[in-house]
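Taking it in order: structure first as structure tokens, then the write-up.
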Amino acid sequence: MHPKLKEFHQSRLEETAKALRKNNFGAHVVETAKDAKELILGTLLPECKPGSVSFGGSMTLAENGIYEAVKAVPGLKIFDTYNYSLPPAEMVELRRQALLADLFITSTNAVTEQGALVNLDGTGNRVASLTFGPKKVIVVAGRNKLCPDEFSAMEHIRSLAAPVNAARLSRKTPCVSTHRCEDCHSPERICNTWTITVKSAPKERTVVVLVNEDLGF
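Taking my numbering, the leading residue of the sequence shown gets 3, the next gets one more, and so forth.
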């Protein structure tokens, strides 16, 4: 990548971090996913001293080792909602229990330059924990999730994140073929609950780690 392009992305991330802080989020900007992992393990986890941790479904966390690294921390009770070997009823119950973890770690579908988090969820457990339940929330987002405003964030999700995730999960939905949200009625639809988190309440309950790399969708 040309140094000026990286500098451009860095500047946008720093400005977005300022907007997030203005909206009562904690916010950090790091260079790489490795830096994000080190920030979480070395600073954010020790600061909040969680006894239990749960996770939102996220390619960002899974592909960059954050999920496995946190799971390996001694003494933490892990609500492992990534364990897809569980029967459906057990998975639902585990996700219900995870709503009361001390710390919830996830990504977000989009971050606006005004400092809001925009998400579209299937079962709703991810956005439920983002909104209420766990005492602290850590959100990791790559520069590719950055959008100018809420409208463009929703368009990004409809036109890219949702169809790619549906294909990744082998869902039988129209967007897998058309590569765009069709507002379908498929029983396997993964787009059911929109949330726009415009401020963190309480202040700094949610900490956003912005990464100057493309991560996830």
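We put the CB at the ideal spot given by N, CA and C, even for glycine.
{"Asked": "His187 burial status per 10 Å Cβ neighbour count (16 or more: buried)", "Found": "exposed"}
{"Asked": "Length at least 4, wholly inside the region 125-155: the alpha helix (DSSP H) runs in chain order", "Found": "127-133"}
{"Asked": "Boundaries of the beta strand (DSSP E) in which Ser54 is found, first to last residue", "Found": "54-57"}
{"Asked": "Contact between the region 106-123 and the region 191-207 (3+ Cβ pairs under 8 Å)", "Found": "yes"}
{"Asked": "Beta-carbon proximity of Leu119 to Val141, cut-off 8 Å", "Found": "yes"}
{"Asked": "The region 156-173 touching the region 103-118, judged by at least three CB pairs closer than 8 Å", "Found": "yes"}
{"Asked": "Outcome for Glu49 when other beta-carbon atoms lying within 10 angstroms are tallied against a minimum of 16", "Found": "exposed"}
{"Asked": "Proximity below 8 Å, CB of Ala21 to CB of Val213", "Found": "no"}
{"Asked": "Residues bridged to Thr195 (per DSSP)", "Found": "Asp123"}
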